[in-house]
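Participant: Once you've had a glance at the structure underneath, I'll fire off some questions.
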Amino acid sequence: MKVSYNWLKDYVEIKMSAQSLAEKLTMAGLEVVSLEKLADDWVLEVEVTTNRPDWLSVTGIAREIAALTGKKLRLPQATGYRLQAKTKSPEHVTCSPKPLSIEIEDKKGCPRYIGRVINNVEVRASPDWLKNRLESVGLRPVNNIVDITNFCLLECGQPLHAFDYAKIEAGTIIVRRAKEKEKIITIDGEERLLDSSILVIADKSRPVAIAGIMGSKDTEVSEKTKTVLLESAYFDPLTIRRASQKLDLDSESSYRFERGVDLETVFWASLRAADLFKEFATSSKGGLTIGRMEDNGLKKEKEKKISLNILRLSRVLGKDISVSEVERILRGLSFSLQKKTKGNLEVKVPSFRRDVEEDVDLIEEIARLYGYDKIPLTLSSLREPEGITLESGISRPQKIIQETLLGLGLDEVVSYSLIGRGLLEKINFSIDETLLKISNPLSAEQEFLRPTLIGNLLEVIAHNTKRQMEDLRLFDSGKIYLKKNHQPQEFPCLGLALSGRRYADWLRKTALIDFYDLKGIIEAVFCKLNISEFLIEPKALPCFSAACSVELKIHNQTIGFAGEISELVLKNFDLMQKVFLAELNLEKIFPFADYQKKFSSLPKYPAVMRDISFIVDEKIPYAELGNFFKENRYGLVKEINLVDVFKGGNVPAGKRSLTVSLKYQSPQRTLRDAEIDEIEARIRHGLVERFGAQMR
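The working numbering runs 2 ahead of the 1-based position in the sequence shown.
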């Protein structure tokens with residue numbers, strides 16, 4: 003919003019330069035994004051946040067300046083010819099002989115509508131000062147009637163509209179929803195097709211305005227206008243926003259109605275405009291009369307009172323602010339202090355401050371006006387969250403996992419929770435009723451809540467590899483969302499993705515990352531959580547290659563999956579290098595975690611290392627072989643490690659040679675060669691029987 007420096011000075015005494023004022027407003031949260039010299043004036047352009055519609059007016063910004071500088075706010079007087087229905091006529095007001103009837107059919111869309119008829123106006127050019135005020139903020143003067151409504155809009159933030167009364171059938175205004183396929187030609191000359199979602203102002207036969215957005219060409223004020231119907235109303239913000247978007251039509255009025263105007267300023271603005279009509283639109287022949295004010299609907303909203311505790315204020319800000327200073331700031335912002343008890347202030351919130359709901363909102367206002375620069379910088383005391391439930395924020399096991407992965411050299415990524423159909427199709431994910439679809443997505447890329455982390459991680463890898471960052475070790479700890487038993491549910495998950503070289507050594511070639519690097523990272527995470535027993539079972543999954551696709555289980559419960567991304571999926575992401583990926587359901591894993599650190603004495607008796615080398619069909623996944631070794635420990639095999647994989651040479655085509663290292667150890671005695679030989683013989687026999695292995 004643009005505002006004139008000289009115009010602001012009409013309402014508050016300003017002794018600082020425009021540059022100093024801009025800095026002071028910015029430091030208080032009302033950011034001045036530009037400052038432009040204009041003849042003998044300065045124009046400040048301020049960035050108004052959506053929660054502060056009261057700043058969309060000159061008086062609103064002047065109120066802020068008054069509170070910042072301690073100067074008095076000088077609001078214009080709206081003597082306004084306050085004649086209303088069923089009241090006596092005040093001095094200087096003549097009742098209009100013109101009839102006016104107002105009907106509000108949609109009270110939700112229009113809680114309040116004020117109309118009044120003004121007779122014997124003369125449409126002419128506005129005085130120079132009024133033109134200058136409008137031109138300084140980028141509005142083109144039209145005529146005195148239109149200029150007065152625009153001036154009031156900018157001055158107090160309340161949009162007004164002036165109809166040519168002679169063009170309103172039977173002096174009747176009806177606020178209703180448009181009929182299907184009803185049409186209106188707006189002031190900009192465009193024909194608009196309406197529907198029942200759009201609120202309109204109509205007479206007995208047709209719409210005469212799109213409520214809160216723009217009037218019709220048929221009823222606009224012209225040089226021939228002698229009688230004006232002045233509208234001041236409150237329209238539902240959501241209704242106006244939807245209509246503006248549907249019609250692709252916005253205006254200074256809709257901009258304010260969409261953010262919410264002040265219900266009480268609706269009345270004040272009508273009075274203020276009436277004063278200006280009397281002063282600047284009276285016919286040269288005299289006789290201007292201002293008719294009875296027809297005020298329909300809600301007059302006031304429920305009064306808001308908030309209790310503010312001074313001790314709580316000090317704790318939140320980390321700074322003691324005196325009660326007198328707090329009172330000065332709040333009164334400067336037009337808050338009323340109803341009563342005071344020991345350590346507490348009861349604050350009445352003005353109607354135009356719709357954003358203030360709780361005591362923290364008041365604390366924020368006090369901090370802004372007191373000055374953030376006066377509040378000392380302190381570090382908050384940190385305490386490790388108690389418990390292991392996810393409701394407590396980042397939980398203890400999440401922290402353990404994060405520290406473990408960072409220590410292993412992985413980089414954390416944070417991805418969006420909303421994804422599109424295209425990304426799901428790229429990873430061959432089934433699009434069915436289990437997905438949570440957004441009813442009003444902002445774009446095609448935000449159609450669903452993500453049901454998996456795979457797509458996000460592959461996008462990150464693709465993005466980096468296209469920029470010559472090819473050696474990647476990533477993790478993403480986030481939630482996935484699915485429909486379960488027809489109810490939306492969220493699940494905390496951990497995604498792991500590896501690609502490129504095992505070690506980024508620019509001086510020599512190093513081996514590429516493979517599935518066992520991924521498996522090792524998963525084992526390290528489980529080790530930190532004191533989870534010793536988990537199984538890896540082959541399971542065909544859509545996005546993984548057939549030769550490397552596994553399911554992870556703990557006590558026969560599936561807790562995740564892992565594997566090598568298939569060539570088809572890699573092609574969908576334009577990836578030329580292998581990617582190994584895993585996704586773990588943390589909600590299922592955490593109940594198996596043990597957070598008690600336990601001491602175990604060092605083994606007293608020596609360990610014996612033996613290797614078993616054998617050839618098997620290369621289609622047999624190592625996960626299945628690994629599970630075989632775990633199942634055949636015979637109580638003495640403490641560690642199982644794959645130490646070598648070889649294909650080619652003397653190994654037949656379609657086969658591969660594996661070497662597995664076994665560590666034998668007993669906590670009670672020294673093992674004899676004979677009993678180790680017996681166990682090894684059983685294992686070798688099992689490999690031959692189960693997998694058709696050829697021993698080496």
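The C-beta atom is built at its ideal place from N, Cα and C for all residues, glycine as well.
Considering only residues of the same chain and omitting the five flanking positions on each side of Lys133, which have a CB-CB separation below 6 Å?
Facilitator: Position 131 of the sequence shown, counted from the first residue, corresponds to residue 133. Counting only Cβ-Cβ distances below 6 Å, and skipping sequence neighbours, we find Pro143.
Participant: Could you pull the DSSP bridge partners for Ile203 from this structure?
Facilitator: Locating residue 203 in the sequence shown gives position 201, counting from the first residue. Looking at the DSSP assignment, Ile203 forms a beta bridge with Val177, Ala211.
Participant: Return the residue from the list Glu680, Gln489, Thr28, Gly522 that minimises the CA-CA distance to Ala499.
Facilitator: As a first step, residue 499 must be located in the sequence shown, where it is residue number 497. Nearest C-alpha to Ala499: Gly522.
Participant: Please report the distance separating the alpha-carbon of Leu231 from that of Pro161.
Facilitator: By 1-based counting over the sequence shown, the position of residue 231 is 229. By 1-based counting over the sequence shown, the position of residue 161 is 159. For Leu231 and Pro161, the distance between alpha carbons rounds to 14 Å.
Participant: Are Ile456 and Ile429 close, meaning C-beta to C-beta below 7 Å?
Facilitator: The count along the sequence shown starts at 1 and reaches residue 456 at position 454. The count along the sequence shown starts at 1 and reaches residue 429 at position 427. Yes, they are a contact pair.
Participant: Here's a check: name, in chain order, each residue in its chain whose Cβ is nearer than 8 Å to the Cβ of Ser419, leaving out the five neighbours to either side.
Facilitator: What you label residue 419 is simply residue 417 of the sequence shown in a count that begins at 1. Here the set comprises Leu451, Arg452, Gly480, Lys481, Tyr483.
Participant: I'd like the list of long-range same chain contacts for Phe237, defined as Cβ closer than 7 Å, with 5 residues on each side in sequence excluded.
Facilitator: By 1-based counting over the sequence shown, the position of residue 237 is 235. Excluding sequence neighbours, Phe237 sits near Gly111, Cys112, Leu201, Ala213, Gly214, Phe259.
Participant: Using only alpha-carbon positions, find the residue among Phe153, Lys11, Leu364 that is nearest to Phe279.
Facilitator: Taking the first residue of the sequence shown as position 1, residue 279 is located at position 277. With distances taken between Cα atoms, Phe279 lies closest to Phe153.
Participant: For Thr71, which three-state DSSP category applies?
Facilitator: The count along the sequence shown starts at 1 and reaches residue 71 at position 69. Helix, per DSSP.
Participant: What separation, rounded to the nearest whole angstrom, lies between the Cα atoms of Leu755 and Glu296?
Facilitator: In the structure displayed, the chain extends from 3 to 698; residue 755 sits before or after that span and is not available.
Participant: Report the residue from Gly694, Lys530, Ala683 whose alpha carbon sits nearest the alpha carbon of Asp619.
Facilitator: Residue 619 sits at position 617 when you count from the first residue of the sequence shown. Asp619 has its Cα closest to that of Gly694, out of Gly694, Lys530, Ala683.
Participant: Among Lys301, Thr267, Lys342, Arg244, which one has its Cα closest to the Cα of Leu311?
Facilitator: Taking the first residue of the sequence shown as position 1, residue 311 is located at position 309. The sequence given here places Asn at residue 311; Leu does not occur at that position. The candidate whose alpha carbon is nearest that of Asn311 is Lys342.
Participant: Which residues in the same chain have their Cβ closer than 8 Å to the Cβ of Gln491, if we skip the five residues on either side of it in sequence?
Facilitator: To locate residue 491, count along the sequence shown from 1; it is residue 489. Only Tyr483, Leu484, Lys485 meet the Cβ criterion.
Participant: What first and last residue would you give for the alpha helix (DSSP H) that runs through Thr267?
Facilitator: Here residue 267 refers to the residue found at position 265 when the sequence shown is read from its first residue. Start and end: 267 to 282.
Participant: For a test of the three-state rule: what should DSSP assign to Asn778, helix, strand or coil?
Facilitator: Outside the displayed range of the chain (3 to 698) lies residue 778, so it cannot be described from this structure.
Participant: For the segment 631 to 690, list the alpha helix (DSSP H) runs that are entirely contained and at least 4 residues long, ordered along the chain.
Facilitator: As far as the segment 631 to 690 is concerned, it has no whole alpha helix (DSSP H) run of at least 4 residues.
Participant: Consult DSSP for His163 and reduce its assignment to one of helix, strand or coil.
Facilitator: Position 161 of the sequence shown holds residue 163. In this structure, His163 counts as strand in the three-state DSSP scheme.
Participant: Going by DSSP, what residue range makes up the beta strand (DSSP E) through Lys4?
Facilitator: Within the sequence shown, residue 4 is the residue found at index 2, counting from 1. Residues 4 to 6.
Participant: Among residues of its own chain, excluding the 5 on either side of Asn458, which ones have a beta-carbon nearer than 6 Å to its beta-carbon?
Facilitator: Numbered from its first residue, the sequence shown carries residue 458 at position 456. Counting only Cβ-Cβ distances below 6 Å, and skipping sequence neighbours, we find Ser417.
Participant: Output the residue ranges of the alpha helix (DSSP H) runs that lie fully inside the segment 462 to 532 and measure 4 residues or longer, sorted by chain position.
Facilitator: Here the runs fully enclosed are 517 to 530.
Participant: According to the neighbour-count rule (16 or more other Cβ atoms, all chains shown, within 10 Å of its Cβ), is Gly62 buried or exposed?
Facilitator: On the sequence shown, position 60 is the one that residue 62 refers to. Result: buried.
Participant: Determine the DSSP secondary structure at Pro593, reduced to helix, strand or coil.
Facilitator: Translated into the one-based positions of the sequence shown, residue 593 becomes position 591. If DSSP states are grouped into helix, strand and coil, Pro593 belongs with the helices.
Participant: Indicate whether at least one CB of chain D lies closer than 7 Å to the CB of Lys301.
Facilitator: The chain inventory of the structure shown lacks chain D, comprising one protein chain alone.
Participant: Just how far apart, CA to CA, sit Lys100 and Lys11?
Facilitator: On the sequence shown, residue 100 is found 98 positions in, with the first residue counted as 1. On the sequence shown, residue 11 is found 9 positions in, with the first residue counted as 1. Going by the C-alpha atoms only, they are around 39 Å apart.
Participant: Taking the straight line between their C-alpha atoms, what separation do you get for Arg317 and Thr71?
Facilitator: Residue mapping note: residue 317 aligns to position 315 of the sequence shown, counting from 1. Residue mapping note: residue 71 aligns to position 69 of the sequence shown, counting from 1. Distance between the alpha carbons of Arg317 and Thr71: 26 Å.
Participant: Compute the beta-carbon to beta-carbon distance between Phe631 and Met697, rounded to the nearest angstrom, for a pair I have assumed lies under 8 Å.
Facilitator: Residue numbering aside, residue 631 sits at position 629 when the sequence shown is read from its first letter. Residue numbering aside, residue 697 sits at position 695 when the sequence shown is read from its first letter. Not a contact, Cβ separation roughly 15 Å.
Participant: Please report the Cβ distance between Leu240 and Pro399, rounded to the nearest whole angstrom; I am assuming they are in contact, meaning their Cβ atoms lie under 8 Å.
Facilitator: Mapped onto the sequence shown, residue 240 falls at position 238. Mapped onto the sequence shown, residue 399 falls at position 397. At roughly 42 Å, the Cβ-Cβ gap does not stay under 8 Å, so Leu240 and Pro399 are not in contact.
Participant: Along the chain, where does the alpha helix (DSSP H) containing Arg317 start, and where does it finish?
Facilitator: For the purposes of this step, residue 317 is taken as residue 315 along the sequence shown, with counting starting at 1. Here the alpha helix (DSSP H) through Arg317 covers 312 to 319.
Participant: Alpha carbon to alpha carbon, what distance is there between His557 and Ile515?
Facilitator: The residue labelled residue 515 in the question sits at position 513 within the sequence shown. The residue labelled residue 557 in the question sits at position 555 within the sequence shown. Computed Cα separation, rounded: 29 Å.
Participant: Could you tell me the alpha carbon to alpha carbon distance between Gly173 and Asn298, rounded to whole angstroms?
Facilitator: Reading the sequence shown from its first residue, position 171 is the one you call residue 173. Reading the sequence shown from its first residue, position 296 is the one you call residue 298. Their Cα atoms are separated by approximately 16 Å.
Participant: Any contact between the segment 325 to 335 and the segment 361 to 368? By contact I mean 3 or more CB pairs, one from each, below 8 Å.
Facilitator: Result yes; three or more Cβ-Cβ pairs closer than 8 Å.
Participant: Cβ-heavy atom distance between Lys439 and the ligand MG below 6 Å?
Facilitator: Summarising the ligand content, the structure contains no ligands, and the ligand MG is consequently not present.
Participant: Taking the alpha carbon of Glu359 as the reference point, which residue from Gly409, Asp43, Lys304 has its own alpha carbon closest?
Facilitator: The residue given as residue 359 occupies position 357 in the sequence shown. Nearest C-alpha to Glu359: Lys304.
Participant: Report yes if the C-beta distance between Arg54 and Asp108 is below 7 Å; otherwise report no.
Facilitator: Your numbering for residue 54 matches position 52 in the sequence shown. Your numbering for residue 108 matches position 106 in the sequence shown. Contact: no.
Participant: Do the CB positions of Leu156 and Val60 come within less than 7 Å of each other?
Facilitator: Counting from 1 along the sequence shown, the entry for residue 156 is found at position 154. Counting from 1 along the sequence shown, the entry for residue 60 is found at position 58. Yes, the Cβ-Cβ distance between Leu156 and Val60 is below 7 Å.
Participant: Quick check: what's the CA-CA separation for Phe528 versus Leu583?
Facilitator: The count along the sequence shown starts at 1 and reaches residue 528 at position 526. The count along the sequence shown starts at 1 and reaches residue 583 at position 581. Approximately 17 Å, taken between the alpha carbons.
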